[in-house]
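Protein sequences, first through last, are from chains A and B.
The first sequence begins at 62 in my numbering and counts up by one.
The second sequence begins at 380 in my numbering and counts up by one.
Cβ coordinates follow ideal geometry from the N, Cα and C atoms, glycine included.
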Amino acid sequence: MAELTYREAVAEGIAQEMRRDEDVVFLGEDIGAAGGVFKATVGLLKEFGPVRVRDTPISEQAILGAAMGSAMTGLKPIAEIMFSDFLAVCWDIVANEIAKARYMTGGQMSMPLVIRTANGGGSRFGAQHSQSVENWAMMVPGLKVVAPSTPADVKGLLAAAIRDPDPVMFFEQKSLYPIKGEVPDGELVDELGTAKVLRDGDDVTICALAAMVPRAIQAAEILSSEHGIEATVVDLRSLVPLDTKTILRETAKTGRLVTVEENPRLCGWGAEVASIVADENFWDLDGPVIRITTPHIPLPAADELEDATMPSADRIVREVSEKID
Amino acid sequence: MAEASKPKSVGKKSKTSTRKRSSKSSADAVQLISYYSDMLLIRRFEERAGQMYGMGLIGGFCHLYIGQEAVVVGMQGAIDDRDAVVTSYRDHGHMLACGMDPKGVMAELTGRIGGYSKGKGGSMHMFSKEKKFYGGHGIVGAQVPIGTGLAFAAKYKGTDGVSLTYLGDGAVNQGQVHEAFNMAELWDLPVIYVIENNRYGMGTSVDRASAAKDLYRLGEPFGIPGEQVDGMDVLTVRKAADKAVKHCREGKGPYILEMMTYRYRGHSMSDPAKYRTKEEVAEMREQHDPITNLSKIIVDAGKKSEEELKEIDKKVRAIVSEAAEFAQESPEPAPSELYTDVLVEA
């Protein structure tokens with residue numbers, strides 16, 4: 062076991078796959094010589110050279126076009142979109158082209174590519190560099206959507222995403238880049254579409270994603286010590302495919318569901334999870350689903366305002382303890 | 380055709396190497412007949428598609444290529460099986476020129492399981508991996524970064540392949556086209572951007588939509604050589620295509636060909652094309668039709684008689700009739716097809 066940061070795990074995951082497969086190429090803005098704007102790709106240019114690790118112009122549509130064209134003809138590109146907000150600039154290629162290509166070709170072509178992007182708030186970057194947009198991707202049929210919360214998951218899920226024959230949107234939560242965690246030595250390949258139960262409790266099931274996972278765990282400890290409420294915490298890790306088996310099993314066990322997401326309120330992924338649980342587990346529920354989200358506002362820049370916007374451990378504790386007897 | 384009568388070009392270094400129009404090519408009889416029959420196949424196929432649309436056998440959108448046949452046929456003559464092709468939604472002609480089976484194309488138009496995309500793509504979204512035809516894209520301009528990506532992969536893999544990336548005059552005003560131009564020249568990618576200037580982006584003429592009038596010069600700031608070509612003359616197209624393909628194969632980066640062409644029908648089947656005069660259309664059909672003009676060249680040169688050309692037309696019509704029958708007989712896709720091909724692994 063080595064201790065790696067979340068950002069180091071990104072580079073490790075990419076390097077592991079580039080070493081074993083010449084068809085993996087990596088494209089993006091500032092990923093090579095600069096080592097990534099979040100320093101998550103340091104060392105890749107040196108190891109793999111400028112043919113495989115390509116600094117691109119600031120042209121998100123051209124980046125994803127290059128990725129799509131090359132995925133259709135046998136390469137396995139990884140494209141970085143520096144901030145997930147910028148997906149709006151190239152959403153045509155994501156939603157109209159990449160996501161639909163397999164279907165529109167009647168299954169003739171697959172789209173083995175990964176779009177990595179820095180997602181989410183907590184860094185005081187304001188409304189155009191802090192959004193949590195994994196729900197945008199979740200809404201589009203034909204995309205897989207992954208958002209890891211730990212360095213080990215970053216490496217293992219990124220490797221799995223690169224090997225996957227389908228297009229994978231890989232959302233790295235940017236405030237997690239400095240966090241450290243144990244990562245198993247040697248080749249690491251995880252499985253997409255599998256949630257992880259990180260804490261076991263009988264009273265309530267909290268489903269969280271990415272940066273909301275450590276907050277949910279922290280909240281669970283406080284709920285236990287201060288309120289006598291024992292929470293199960295599920296790290297969804299992937300929205301598409303969604304591990305509904307684990308969600309339903311863990312929700313049926315406690316009879317209560319809490320979703321914690323960074324998405325703005327309307328049509329955040331928690332609404333979908335709540336809907337699935339209401340459909341499938343209605344008679345197992347002991348009370349209403351609790352959705353904890355950011356309010357339906359653009360994310361503000363100021364410390365106090367941003368902190369008040371994103372779900373915190375304190376807010377999770379407050380909402381859960383008030384609504385659960 | 381005023382625009383095409385003075386072909387212009389812009390070179391990477393020598394900017395004023397004006398090329399001469401040459402209808403009197405040294406192309407041999409076999410080649411001429413092959414162009415003739417390939418263009419005629421597209422013409423007859425599209426005429427039949429238009430009829431079937433009118434009969435309600437084809438629904439949705441249907442953008443006919445009638446009038447523009449010389450462009451794809453001339454371009455296709457210059458490439459081989461290393462090369463990839465991608466275009467927009469006016470794509471039936473491109474697919475036939477790529478050698479895709481007319482039956483599979485027509486059956487996709489009628490929404491049948493025998494269509495290239497099993498009925499899930501429709502007129503605008505068809506592909507053939509086998510023939511290296513990468514669509515068939517419904518969003519104006521989107522195929523341009525994708526075609527650039529095809530060239531990126533060809534260069535990365537060292538296949539010597541070239542990407543033929545077609546776009547219309549309307550697409551040149553899309554931002555992603557210029558992103559792609561920049562990347563292609565920056566990385567010396569083997570891509571030929573074939574701008575099919577049929578004078579109208581939907582119902583708006585190029586003059587009213589584009590501040591830049593010489594579309595072949597749009598790559599100039601990036602250093603991409605460009606050339607304006609009489610796209611109504613298959614032999615001229617072929618000559619320009621050879622030059623552009625050579626440029627790409629030699630590793631010199633992208634190339635732009637602006638094909639001055641004309642679509643006889645409306646933008647789509649629902650467009651009566653009232654934004655242009657009947658006289659304009661008639662003039663193009665009568666004076667500049669690529670098929671009629673080539674047939675004159677063939678007959679005048681004594682390569683074939685008019686009767687022999689009629690025999691070719693008969694054969695082409697038979698192929699199209701067979702395609703039309705297949706497209707009506709092929710079963711409709713089963714409801715279970717709804718859920719296949721969304722992902723490889725769900």
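Outcome for residue i when other beta-carbon atoms lying within 10 angstroms are tallied against a minimum of 16
i	result
R352(A)	buried
W566(B)	buried
T640(B)	buried
I75(A)	buried
P524(B)	buried
G439(B)	exposed
P600(B)	exposed
S401(B)	Its pLDDT being 44, under 50, S401(B) is placed unreliably by the model, and nothing is read from it.
S584(B)	exposed
D462(B)	buried
W344(A)	exposed
S700(B)	exposed
P173(A)	buried
E637(B)	buried
D347(A)	exposed
P633(B)	buried
Min CB distance residue i to chain A below 9 Å
i	result
T489(B)	no
E724(B)	yes
S467(B)	no
F506(B)	yes
L565(B)	yes
K497(B)	yes
Q455(B)	no
S542(B)	yes
Y513(B)	yes
G494(B)	yes
G500(B)	yes
G554(B)	yes
Other residues of its chain near residue i: CB distance less than 7 Å, five sequence neighbours each side excluded
i	result
S193(A)	N180, G181, G182, E323, N324
H190(A)	F144, D146
V556(B)	G520, V523, L546, A550
S647(B)	F440, C441, H442
L419(B)	I670, I691, D692, V695
V294(A)	L259, R260, I267, A269, A277, I278, A281
Any C-beta of chain B under 9 Å from that of residue i
i	result
T266(A)	no
T305(A)	no
D227(A)	yes
V378(A)	no
P202(A)	yes
D82(A)	no
D91(A)	no
R115(A)	yes
S299(A)	no
E121(A)	yes
I75(A)	no
S171(A)	yes
V112(A)	yes
K205(A)	yes
Min CB distance residue i to chain D below 9 Å
i	result
E158(A)	In the displayed structure, chain D is absent; the protein chains listed are A and B.
Residues near residue i by beta carbon distance below 6 Å, same chain, minus five either side
i	result
E282(A)	none
S404(B)	Bear in mind that the predicted position of S404(B) carries a pLDDT of just 48, short of 50, making it unreliable; the figure below should be weighed with that in mind. Excluding residues within five positions, the ones whose Cβ falls inside 6 Å are L614.
V150(A)	E121
Contact set between residue i and chain B, taken where Cβ atoms lie within less than 8 Å
i	result
A468(A)	The first residue shown for chain A is 62 and the last is 386, placing residue 468(A) beyond what the model contains.
V86(A)	Y535
P118(A)	E558, N561, M562, L565
Chain B residues whose Cβ lies nearer than 9 Å to that of residue i
i	result
Y67(A)	Within chain B, no residue comes near Y67(A); the closest Cβ sits about 26 Å away, beyond 9 Å.
Contact set between residue i and chain A, taken where Cβ atoms lie within less than 7 Å
i	result
D720(B)	R163, Y164, G167, G168
E711(B)	Residues of chain A passing the Cβ test: none, with the nearest at roughly 14 Å.
Residues that residue i contacts on chain B, provided the C-beta gap is smaller than 7 Å
i	result
I154(A)	A521, P524
L136(A)	A532, Y535
Neighbouring residues, chain A, relative to residue i (Cβ below 8 Å)
i	result
I518(B)	D153, N157, E158
Residues of its chain near residue i, where Cβ-Cβ distance is below 8 Å and the 5 sequence neighbours each way are ignored
i	result
Y415(B)	I670, L673, S674, I677, L688, I691
M170(A)	M133, A162, R163
Closer than 9 Å at the beta carbon, the chain A residues around residue i
i	result
A463(B)	G130, M133, T134
Review point. Are three or more beta carbon pairs between the stretch 482-497 of chain B and the stretch 96-116 of chain A nearer than 8 Å?
Key: Taking 8 Å as the limit for Cβ pairs, the verdict is that the stretch 96-116 of chain A does not touch the stretch 482-497 of chain B.
Practice item. Indicate whether the contact test is met: 3 or more Cβ pairs, each with one atom in the stretch 150-160 of chain A and one in the stretch 96-105 of chain A, closer than 8 Å. Key: Touching, no.
Review point. If you pair each beta-carbon of the stretch 679-697 of chain B with each one of the stretch 465-482 of chain B, do three or more pairs fall below 8 Å?
Key: The stretch 679-697 of chain B vs the stretch 465-482 of chain B: no contact.
Review point. Can we say the stretch 227-245 of chain A touches the stretch 84-95 of chain A, given the rule of at least three CB pairs closer than 8 Å?
Key: No: fewer than three Cβ pairs fall under 8 Å.
Check your understanding: Does the stretch 201-218 of chain A touch the stretch 331-347 of chain A, meaning 3 or more C-beta pairs lie closer than 8 Å?
Key -> Short answer: they don't touch.
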